[in-house]
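Residue numbers (this note's numbering): 13 to 118. Idealized CB from N, CA, C, for every residue including glycine. To start, the structure under review is shown below, and the notes come after it.
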Ligand code: SF4
């Protein structure tokens, strides 16, 4: 006759498998979600595009988390997973972006 009680190892094994199966859709969504790009300047005036270039705006800060648009005094956050704006540089602004006018929030 087979013992119907589950061992601790069997219970833990089932728990791990259920966790992996439950997390898979979220992982797939995160992996397939398009990256945020904030470099479309098609709606901007020429002088705004020129200023953006002059200040060397880019979507990825060379200073990482220590200096990026998100931590800049001029940054205006957008909705979740959307580009923000800047009071100096026109057009879409990436929260992890950077330009030469970066200034610490006061
Ligand atoms: S001033 Fe430059 S660093 Fe600051 S939010 Fe605007 S684009 Fe980003």
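Residue i, enclosing alpha helix (DSSP H) - first and last residue
i	result
residue 117	Premise fails: residue 117 is in no alpha helix (DSSP H) and is neither H nor E.
residue 65	58-66
Local conformation of residue i per DSSP, three classes
i	result
residue 123	With the chain covering 13 to 118 only, the question about residue 123 has no answer from this structure.
residue 76	helix
residue 49	coil
Status (buried if at least 16 other CB within 10 Å, exposed otherwise) for residue i
i	result
residue 103	buried
residue 72	exposed
residue 107	buried
residue 21	exposed
residue 76	exposed
residue 109	buried
residue 93	exposed
residue 64	buried
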